[in-house]
Every structure is written in C-alpha cells, then in structure tokens.
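A.B. asks:
Protein chains: 2
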Amino acid sequence: MTNSAYDTLLEHLKTTAALEQIGGILMWDQEVMMPRKGNAQRAEQNAALEATIHARRTDPRLPDWFDSIDEDSLDMAGKANLREAKRAYERNTKIPAELATELARATSAAQMVWADARANDDFAAFAPTLENILDLRRQEAACLANGGDLYDALLNDYEPDAKSETLAALLGSLRPTLTDLRGRIAEKPPAPRITQPFPADVQMRVARRLADAFGYDWEAGRLDFSTHPFSSGNNQDSRITTRVNPDNVFDCFYSTIHEVGHSRYEQNMPLELARTPAGQYASMGVHESQSRMLENQIGRSRAFTEWMFGVMQEEMGDFGLTTPEDLYRAVNRVEAGYIRTEADEVHYNLHILMRFELESAMIRGDLQVADLEGVWNETFERDFGVAVDKPSNGVLQDVHWSVGLFGYFPTYSLGNIYAGELFATMQQDIPSLGEYFRKGETGEAMAWLKANVHDKAHLKAPEDIIADAVGHKPTAAPLAAYLEAKFSDLYDL
Amino acid sequence: MTNSAYDTLLEHLKTTAALEQIGGILMWDQEVMMPRKGNAQRAEQNAALEATIHARRTDPRLPDWFDSIDEDSLDMAGKANLREAKRAYERNTKIPAELATELARATSAAQMVWADARANDDFAAFAPTLENILDLRRQEAACLANGGDLYDALLNDYEPDAKSETLAALLGSLRPTLTDLRGRIAEKPPAPRITQPFPADVQMRVARRLADAFGYDWEAGRLDFSTHPFSSGNNQDSRITTRVNPDNVFDCFYSTIHEVGHSRYEQNMPLELARTPAGQYASMGVHESQSRMLENQIGRSRAFTEWMFGVMQEEMGDFGLTTPEDLYRAVNRVEAGYIRTEADEVHYNLHILMRFELESAMIRGDLQVADLEGVWNETFERDFGVAVDKPSNGVLQDVHWSVGLFGYFPTYSLGNIYAGELFATMQQDIPSLGEYFRKGETGEAMAWLKANVHDKAHLKAPEDIIADAVGHKPTAAPLAAYLEAKFSDLYDL
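These protein sequence lines are chains G and W, in that order.
With the numbering used here, letter number 115 in the first sequence gets 118, and the count goes up by one each step, no holes.
With the numbering used here, letter number 327 in the second sequence gets 330, and the count goes up by one each step, no holes.
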C-alpha cells in the first residue's frame with residue numbers, strides 16, 4: 004500500500020496551516036500597524052479567511068484520507084501528524100455551524116461590554132453577557148466531551164491530553180508553599196525599587212540588548228509596541244511586541260524577555276516540519292514554560308541581573324540603584340497586588356489557582372455567574388490577605404472570559420511548573436550555568452532548551468516531552484523548591 | 004425572475020475581494036515590515052492564498068450564476084459588476100491552477116533575489132530568476148491571448164480594453180516634444196538645487212505636511228518607508244510608503260505626494276461599493292493619473308511651491324534656496340538621470356517608452372534576458388545621451404519585472420496623458436485654482452477629482468471615465484502643451 008493518501012493529507016494540512024499563519028499576520032497587523040478606520044474592512048477580511056480555513060478543516064475528504072493511510076509505515080512525525088489531524092478533524096466537525104457562528108458573534112460583541120463594565124467598575128453590567136458566553140461554551144463543551152468532563156473538553160484546546168483532575172492536584176500542591184512564603188515575606192522590609200522615569204528610546208535600547216542576550220534572531224522577527232505585549236508568527240518570522248511604562252522600566256524589560264522566550268521556541272522549531280501538526284508548539288503550557296523560564300529562572304536570577312546591571316548603567320546612566328544586588332532585589336520585589344499581569348513569582352500562581360478553580364466550577368455548572376463576584380472576592384482575601392477594593396482590580400481585570408477563553412488560565416501555571424522542572428534539570432546538566440549568565444551568555448541554556456524542547460515540537464504529547472527532558476513525570480516540587488530557596492535567601496526568611 | 008443569483012454572485016465576489024485585500028496586506032507587510040528570513044514562509048503563505056483565490060475566481064458555479072441573472076433589472080453598478088465578473092472569470096479560467104500557484108510562489112521569492120542583486124550591482128545574479136518569471140508570464144500570456152498579441156494579453160490586466168498598438172501611437176506622439184524640449188533645455192544654464200543634506204526626521208515632517216495638504220486621512224492609512232515607494236490597500240485602510248535620501252529631499256517629498264495621489268483615490272472610492280468590481284479603481288492608467296497630477300501638475304506648480312517654500316523654511320530652516328521662484332525652478336530641474344522614479348517631467352516618459360519597448364519585445368520573444376542588460380544600456384545611451392554606470396542605475400533599478408509586472412510600465416505614461424487631460428479641464432472649471440494652491444489649499448481640486456474620477460470607481464471603462472470628465476476622447480495633446488508651456492517659461496526657451 005502506498006502512502007499517497009498521507010502525502011495528499013499532508014499537503015492539505017500544510018496549505019491550511021499557511022492560511023492560519025496569514026491569520027496570525029493579520030492579527031499582528033491589527034494590533035500593531037492597522038489604522039483605526041480599517042477595523043470594519045478587517046472584520047470582513049478575517050471572516051473571509053476564517054470561512055476558508057473552516058471549510059478546509061472540515062473537508063469531507065479528510066476521513067477518507069485517514070482511512071486510506073497505512074499508519075504503520077509512517078515515521079514518528081508522520082504518526083504525530085496523523086494523530087493531530089484526526090484530533091483536529093473530530094473537534095472541528097463536532098461543533099454545529101450555528102453554535103460556532105453564535106460563539107464568534109457573542110465573543111466579539113462581549114469584549115466591548117466587558118471593557119465598559121471594567122471602566123465603570125460594574126460587574127452587574129457584564130454578568131448577563133458572561134452568562135450567555137458561558138452558556139455557549141458549555142454547549143460547545145457538551146458537543147466535544149462525549150459524556151466526559153466538560154472542562155477537560157475545553158482545556159484540551161490549549162493543553163492536549165491534559166486532565167483537569169491531574170492539573171488541580173499539580174497546581175493545588177503549590178498553594179501551601181506560596182501562601183506560607185507570602186506571609187513570611189510580608190513581615191520583612193520591602194525590596195528597593197527604581198523611582199526615576201525613563202523615556203521609551205532608552206528603555207528600548209536595553210530591551211533590544213536583552214533580546215540579543217537570549218539570541219533573538221532579528222532577521223527572523225521584529226520588536227514593536229502594542230497595548231498588551233504578545234508574540235506571534237512561526238519559524239523564520241516570529242515577531243514580538245512590548246510596551247513602555249515610563250515609571251516602570253521592568254514592565255518593558257521583562258515583557259520583552261517573556262515574549263523572546265515564546266519567540267525563540269518558534270524560531271527554533273524544526274524547519275523541515277514547518278506547517279505540519281508535528282512541527283507546531285506542543286501546548287500552551289510548554290510555550291509558557293519557555294517564556295517564564297527566560298523571564299524568571301534566568302532573567303530574574305542573581306547571576307543574570309549582575310550582567311543586566313552593567314547594561315542598564317551603560318544605557319541609562321545612574322538609574323537609582325547602586326549595586327547589582329539591589330537590582331536583583333528590585334526585580335524580585337514581592338508585593339500583594341490585585342492584578343495578575345503585574346504579579347511577582349510568589350503571587351502569580353495564586354492568581355491562576357483561583358481563576359482555574361472558579362472557571363472550572365462555572366463550566367461544570369457548580370458556580371453561577373450571579374455568585375462569581377462574591378466568590379472571587381472571598382477567595383482573593385483568603386489567598387492574598389487583602390480585600391478587593393473594586394471589580395476592575397478583581398473579577399473584571401482579565402479579558403479572557405469575555406472572549407470565551409475558559410480552560411486557558413491553568414496553562415500559565417502549568418508553564419511555570421514545567422519551567423521549574425526544566426530549569427532544575429538544566430542546572431544539573433550545565434553546572435556552570437550561573438557563570439555564563441553572569442556574563443549575559445545564554446547560549447548553553449538556549450542550546451539545552453533547543454535540544455530538549457524546541458526540537459521536539461509536537462512530535463509527542465506535551466507532558467511526555469517534559470518527562471523525556473527531565474527523566475520523570477513532571478511535578479510541582481522543583482518549582483516550589485526554587486521559589487522557597489530564592490525568596491528565603493532574598494528576604495532573609 | 005428574481006435576482007437572487009445576482010445576490011449570490013455579489014456575495015461570492017465580495018468574499019473573494021476580501022481575500023484579495025489580505026493579499027495586499029501581506030504584500031505591504033513583506034515590503035515594509037517582514038524580517039528578511041521570513042521570505043520562504045511568506046512564499047508558501049502567498050501560494051496558499053493565491054490558490055484559494057484562484058479556486059474562487061474559477062468556481063464552476065460562476066457561469067451558472069451569470070446565466071441566471073436578469074441583467075436588464077440591474078442598476079449601473081450591478082451591470083458593471085456583472086460585466087467585470089464575466090471578464091475576470093474568462094481571464095481566470097484560461098490560466099491553469101498550477102501555473103497561477105507557481106507564478107505566485109516564484110514572484111514572491113524573486114523579489115529578495117532582485118533586491119540582493121541590485122544591492123550588489125550584479126545582473127547575472129538576477130538573470131536566471133528573471134528568465135523563470137518571464138517564462139511563466141509568457142506561458143500565462145499564451146493562455147490568455149487566444150492567438151492574439153501576447154503583450155496585449157498582459158497589458159489588459161492593468162489597462163482593460165487597451166491595445167498596445169494604440170498606446171504605442173499615443174505615447175510615441177510625445178517623443179518629438181520630449182526630445183526637442185530636452186535638447187533646448189540642455190543648452191540653458193542648470194536650475195538651482197539644494198546641496199545641503201537633511202536628516203530623515205526633518206524630511207518626514209515636511210512629507211507629513213505635504214500629505215496633509217492633499218487631505219490624506221491618517222486614520223485610514225499610514226506612511227512608512229520602503230526601498231521603492233508604493234501605495235496599497237483600499238478604502239479605509241489605504242497605506243503609503245516613501246523613502247529618504249539625505250542628499251535629495253525632493254525624492255522623499257514628491258514620492259510622498261505621488262503615493263498620496265494614489266491613496267486619496269482609494270480612500271475616496273464609494274464605500275457602498277467596497278469589495279465589488281464596480282467599486283475598484285478603473286485602471287492603472289487612471290490610478291497613475293491621480294498620483295501624477297498631484298505630484299506634477301499641482302505639486303510642481305509655481306503656485307503650490309510658493310506655499311511649500313514657507314513649509315520648508317518652517318521645518319528645515321535655511322535650506323539653501325532663498326526665493327519661492329528658486330524652489331519652483333529646483334523642483335522642476337531638468338537633468339538626464341539614470342533613475343526613472345527620480346526623473347523630471349521631460350525625461351520621465353522617455354524612461355517609460357524604453358521599458359515599454361523592452362518588455363513588449365521580451366514577452367513577444369524578440370529579446371532574451373541574456374541580452375537585456377546590453378540592450379538596456381544601448382537604448383539608454385541613445386535616448387538619454389548618457390552611458391549607464393552600474394546595473395542599480397540601469398536594468399536593476401525597478402522592482403516591476405522581478406514581481407512579474409510585464410505590461411504595467413506603459414500605464415505610467417498613460418497616467419501622465421490622462422493627468423494632462425484632467426488638469427486642463429479642471430483649470431477651466433475652477434479658474435482660481437492657482438490662488439488656492441498658493442495657500443496650500445487643494446480642497447477644490449480634490450473635490451473635482453472625487454466628483455469626476457474617484458466617485459466613478461469602475462462603473463465605466465477607464466477611457467470613458469476620462470472622456471466623460473474632459474468632454475472628448477483623451478489625447479496626448481494637453482500634456483504636450485502643458486510641458487511645452489511650463490518648461491519654455493522655466494528655461495526661457
């Protein structure tokens with residue numbers, strides 16, 4: 004039996020992926036470049052492209068090709084491509100067209116309702132809209148779940164093969180460490196901070212040197228501004244954005260490093276697998292592990308900030324901190340804050356845990372939208388020791404639920420857990436890692452990530468890729484140990 | 004009989020046009036934003052999009068819809084849409100899908116090869132790529148020509164209904180005026196020039212004020228840099244690019260005005276006809292008439308440069324010319340130069356005549372790529388009286404052939420001829436035009452262009468739109484008279 008059916012399938016998938024990449028370019032353009040009045044026209048363009056892609060994803064020839072393929076004759080990439088293609092086809096054909104249309108319409112309209120409600124600190128104004136979106140996503144989950152867990156059905160769009168039960172245990176095991184750390188740090192004197200403002204061009208000179216330090220390939224990407232930093236694109240065209248807050252240079256610096264972490268993963272992905280399912284990122288959790296490790300385990304390490312101190316002196320002159328150790332303490336300043344995206348390493352996963360618990364309860368029907376604000380505020384005060392002062396600092400702060408993103412939040416913490424595992428093993432494999440970081444050299448670390456994660460793309464299930472890299476089934480223990488050690492030292496606990 | 008077939012057809016055309024607009028965004032991105040290594044991936048994206056668009060353009064349901072439509076019941080736009088849809092369908096069904104895909108792939112990849120060859124002044128490095136593209140375009144022309152002229156078959160993509168024989172006569176009629184003018188001017192003292200260099204930011208401040216003067220809508224467009232200035236996009240997202248040459252501020256200023264002329268046409272196009280055939284530009288010649296009129300008949304007029312002199316003083320300080328009349332003479336300086344895009348009004352059409360002759364000979368098989376550089380250099384020396392010093396000043400200067408644009412060049416001169424016709428009539432209709440220009444006010448002129456050209460979109464054949472606007476079949480006489488009068492006065496001939 005020849006495998007011409009496989010070749011036909013692969014060509015079909017690669018063309019579809021090329022169209023999906025175009026969608027990514029349009030999204031980037033819309034966020035970074037598009038003039039204001041172009042919005043209506045862009046909506047028509049997106050709809051036309053989306054319809055084209057949907058027709059290709061649900062092409063009735065796909066199951067025929069699946070049936071004709073001699074799976075045993077396929078290599079590892081071929082098997083992965085077939086597996087992922089089947090998974091995607093099944094997912095895409097289970098959702099009735101009317102539901103998909105209604106979801107697209109509702110989530111697009113909801114974003115503005117959410118933004119207004121947030122601006123007015125009025126959760127009640129958003130609640131009916133959220134109820135509708137939640138209802139539609141629960142219907143979608145029911146189509147996908149085959150009688151299984153509704154939340155898992157949504158989670159698996161972002162984290163294939165993951166089970167929320169396992170995730171809950173994994174993330175939940177962090178809570179005692181984090182709340183304990185938070186409590187002990189709160190009694191210590193605060194870390195220093197930079198109080199001086201710095202203009203955009205000065206911040207961007209440092210940001211570009213930070214991107215350089217991680218080997219960001221400027222000929223395969225670019226760095227621009229957007230309201231919310233993001234990375235987009237694939238392989239040899241992987242772009243990043245950052246933002247500049249004159250009063251907080253670290254917002255720009257660590258957003259840049261974070262997005263560089265995402266983009267280096269994409270830039271390193273095997274070119275020979277480009278636009279095939281096996282050649283994509285393994286999962287959102289694995290993606291996030293790359294950005295968080297560069298941002299935190301490396302970028303916020305004592306060794307790296309020692310080098311960064313010199314760079315900042317060169318580019319910014321006297322910036323108000325006089326020793327590398329002060330900079331190290333400043334970039335690791337722990338502070339109970341309301342906002343997830345501004346959270347330090349200690350508080351960040353507490354933010355995620357709460358959202359994970361709330362959204363999975365909502366999807367399963369165990370928590371009603373009417374009760375959400377109250378439960379949010381109770382949980383926050385319990386976990387953070389501070390009462391929420393207003394909805395824009397609480398339940399209304401994130402865009403995710405308004406655009407229907409349920410099942411996405413836990414991948415952030417999973418990324419942190421994976422980063423903890425990978426970094427612990429990397430440190431064992433490269434004993435002089437700190438010596439390199441002290442000189443701003445990340446070549447050894449990036450080569451390790453490339454060999455152990457980037458090169459693996461989506462050839463295996465995400466958890467298996469991490470397990471192969473670290474030699475065991477991943478747990479939260481290395482992350483907990485890293486945080487405990489780092490912050491005990493920093494805050495003299 | 005209902006016209007539901009027409010409604011179905013129109014929806015199909017509008018979705019196709021939205022995908023074509025996406026192609027425009029990708030092209031803009033490639034020229035202005037894309038990182039260098041993104042080229043290969045972009046070629047795949049372009050090919051996937053092109054295949055999708057080609058399938059829609061050749062959809063077998065199209066002839067059924069055509070047959071079911073009650074044409075008599077359609078309004079003017081409906082009739083134009085049906086006419087253009089039929090023309091496009093006929094054109095597109097003649098090209099095999101593989102050829103269309105291969106052309107998209109090859110031209111996308113060729114552009115970077117051309118840019119590198121130009122940077123290295125190495126025509127041989129580009130020749131094999133050009134041979135491939137020429138071969139593909141000749142194959143395409145053979146599919147389209149039905150045994151007729153190969154070159155006309157390509158020309159009609161840019162100038163519907165035009166015949167190269169007629170064009171050759173129209174353009175050729177200019178040659179005596181141009182060579183005569185050039186000869187007489189060569190014996191006169193040269194016009195003044197600006198010798199001082201100016202940095203990019205200073206030049207761009209002036210460029211933005213020039214765009215403002217012509218009412219460019221910044222919320223429906225943007226201005227960036229590219230190697231070769233261009234305009235792209237439609238309606239509420241019509242973007243332009245320019246370039247900065249520190250030693251020649253007029254390159255930046257007049258490229259900007261030129262592209263603004265294109266973009267104002269697009270920005271003014273009737274929104275209710277957006278993404279329909281009737282709502283597009285009439286032809287490249289008409290498009291070019293808008294850019295050339297703003298650039299030359301208005302932008303290089305004595306009245307407009309009087310206002311521009313004040314703007315330049317405000318933004319650039321002392322720039323070396325002390326009177327408005329000196330600026331008027333400087334922007335109309337006549338000089339035999341190598342570069343088409345820098346050519347004065349006297350030499351410009353001589354550049355086009357040469358390219359028109361060379362490319363029609365290549366398409367007809369009368370000139371080989373191997374001989375192109377030599378023939379270019381010979382022809383140039385004959386027509387301009389100067390020897391080409393290097394390929395970047397000669398055969399490698401234009402992007403057109405690298406992206407497969409054969410049949411496009413003559414539309415530049417047709418645009419000049421149309422601009423000559425339109426401006427002569429506009430002057431009769433608005434006697435105090437010069438008074439407005441002297442204050443940098445183009446509102447009356449732009450309103451005239453909107454009413455007589457932009458609002459007409461592609462509701463009629465291009466030549467008929469110009470004929471309606473000027474009251475007769477267009478000829479080259481007004482352009483020749485304008486050039487003769489202007490340069491006789493300027494050079495005291």
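Note that beta-carbon positions come from the ideal geometry of N, C-alpha and C, so glycine has one too.
Let me check understanding here. Comparing Cα to Cα, which of W:E360, W:R367 and W:L77 lies closest to V378 (chain W)?
C.D. replies: W:E360
A.B. asks: In chain order, what residues of the same chain lie with their CB nearer than 6 Å to the CB of D254 (chain G), ignoring the 5 residues before and after it?
C.D. replies: N248
A.B. asks: Can you list the residues of chain W that N238 (chain G) reaches, using a CB-CB cut of under 7 Å?
C.D. replies: Correct list: Q44.
A.B. asks: Flag this pair as yes or no: are the beta carbons of W68 (chain G) and T18 (chain G) separated by less than 8 Å?
C.D. replies: No, Cβ-Cβ distance for W68 (chain G) and T18 (chain G) is not below 8 Å.
A.B. asks: Could you pull out every unbroken beta strand (DSSP E) segment of at least 3 residues lying fully inside the region 238-278 of chain G, listed in chain order?
C.D. replies: 240-245
A.B. asks: By how many angstroms is the C-alpha of L375 (chain G) removed from the C-alpha of V389 (chain G)?
C.D. replies: 18 Å
A.B. asks: Could you give the uninterrupted runs of the alpha helix (DSSP H) lying entirely in the region 328-412 of chain G, keeping only those of 4 residues or more?
C.D. replies: 348-366 and 372-387
A.B. asks: Residues of chain W with CB under 7 Å from R108 (chain G), in chain order?
C.D. replies: Close partners of R108 (chain G) in chain W (Cβ separation under 7 Å) are lacking, with about 18 Å as the shortest Cβ gap.
A.B. asks: Buried or exposed for T198 (chain W), going by 16 or more other Cβ atoms inside 10 Å?
C.D. replies: exposed
A.B. asks: Report the rounded CA-to-CA distance for D3 (chain G) versus R225 (chain G), giving the unit in angstroms.
C.D. replies: Residue 3 (chain G) lies beyond the range of chain G shown here (4 to 496); nothing can be said about it.
A.B. asks: Run down chain W in chain order and give the residues with a C-beta less than 7 Å from the C-beta of I25 (chain G).
C.D. replies: Simply I25, L29, Q48 and L52.
A.B. asks: Could you tell me which residues DSSP pairs with S76 (chain W) in its beta bridges?
C.D. replies: DSSP lists no partner for S76 (chain W).
A.B. asks: Alpha carbon to alpha carbon, how far is P38 (chain W) from R212 (chain W)? Give it in angstroms, no decimals.
C.D. replies: 30 Å
A.B. asks: Closest Cβ-Cβ distance between R225 (chain W) and chain G: below 8 Å?
C.D. replies: yes
A.B. asks: Which residues, taken in chain order from the region 61-79 of chain W, show a beta carbon closer than 9 Å to some beta carbon of chain G?
C.D. replies: Answer set for the region 61-79 of chain W: empty.
A.B. asks: Does the beta carbon of A210 (chain G) sit closer than 8 Å to a beta carbon anywhere in chain W?
C.D. replies: no
A.B. asks: Which chain W residues are close to L22 (chain G), counting only those with a beta carbon under 9 Å from its beta carbon?
C.D. replies: Q48, A51, L52 and T55
A.B. asks: In whole angstroms, what is the alpha-carbon distance linking E47 (chain W) and L181 (chain W)?
C.D. replies: 45 Å
A.B. asks: Check the Cβ of D183 (chain G) against every Cβ in chain W and list those closer than 9 Å, keeping chain order.
C.D. replies: Under the 9 Å cutoff, chain W gives no residues; its nearest Cβ is about 46 Å from D183 (chain G).
A.B. asks: Please state whether DSSP places D67 (chain W) in a helix, a strand or coil.
C.D. replies: helix
A.B. asks: Which residues does DSSP list as the beta-bridge partners of S234 (chain G)?
C.D. replies: G:I243
A.B. asks: Which term fits E101 (chain W), buried or exposed, when burial requires 16 or more other beta carbons within 10 angstroms of its beta carbon?
C.D. replies: exposed
A.B. asks: From R76 (chain W) to A8 (chain W), what distance separates their C-alpha atoms?
C.D. replies: First, the amino acid is wrong: residue 76 (chain W) is Ser here, not Arg. Inter-residue distance for S76 (chain W) and A8 (chain W) is about 12 Å (C-alpha atoms, whole angstroms).
A.B. asks: Given that E222 (chain W) touches chain G, what residues does it touch there, using C-beta distances under 7 Å?
C.D. replies: P38, R39 and K40
A.B. asks: By a C-beta neighbour count over all protein chains shown, 10 Å radius and 16 as the cutoff for buried, is S304 (chain G) buried or exposed?
C.D. replies: buried
A.B. asks: Over the uninterrupted beta strand (DSSP E) stretch that includes L226 (chain W), give me the two end residues.
C.D. replies: Note, L226 (chain W): beta strand (DSSP E), L226 to F228.
A.B. asks: So E34 (chain W) is in the alpha helix (DSSP H); what residue range does that whole segment cover?
C.D. replies: S7 to V35
A.B. asks: Taking 7 Å as the cut-off, does the CB of E262 (chain W) come closer than this to any heavy atom belonging to the ligand ADP?
C.D. replies: You won't find the ligand ADP in this model; it holds no ligand whatsoever.
A.B. asks: Which residues in chain G sit within 9 Å of T132 (chain W), going by Cβ to Cβ distance?
C.D. replies: Near T132 (chain W) there are no residues of chain G at all, since even the closest Cβ is about 20 Å away, more than 9 Å.
A.B. asks: Let me make sure I understand the geometry here. Which of W:A113, W:A333, W:I355 and W:V289 has the alpha-carbon closest to that of A472 (chain W)?
C.D. replies: W:V289
A.B. asks: Jot down the residue ranges of each uninterrupted alpha helix (DSSP H) in the region 163-193 of chain G, minimum 4 residues, whole runs only, in chain order.
C.D. replies: 167-175 and 178-189
A.B. asks: For W31 (chain G) and T244 (chain W), what's the separation of their Cα atoms in angstroms?
C.D. replies: 19 Å
A.B. asks: Suppose the cutoff is 8 Å on Cβ atoms and the five residues either side in sequence are ignored; what does the same chain contact list for Q430 (chain G) look like?
C.D. replies: Here the set comprises L436.
A.B. asks: With a CB to CB cut of under 8 Å and the five nearest residues on each side skipped, what residues in its chain are close to L425 (chain W)?
C.D. replies: S292, M296, L452, N455, V456, I469, A472 and V473
A.B. asks: Is any beta-carbon of chain G found at less than 8 Å from that of T18 (chain W)?
C.D. replies: yes
A.B. asks: Along chain W, which residues have their Cβ under 7 Å away from the Cβ of D32 (chain G)?
C.D. replies: In chain order: I28 and D32.
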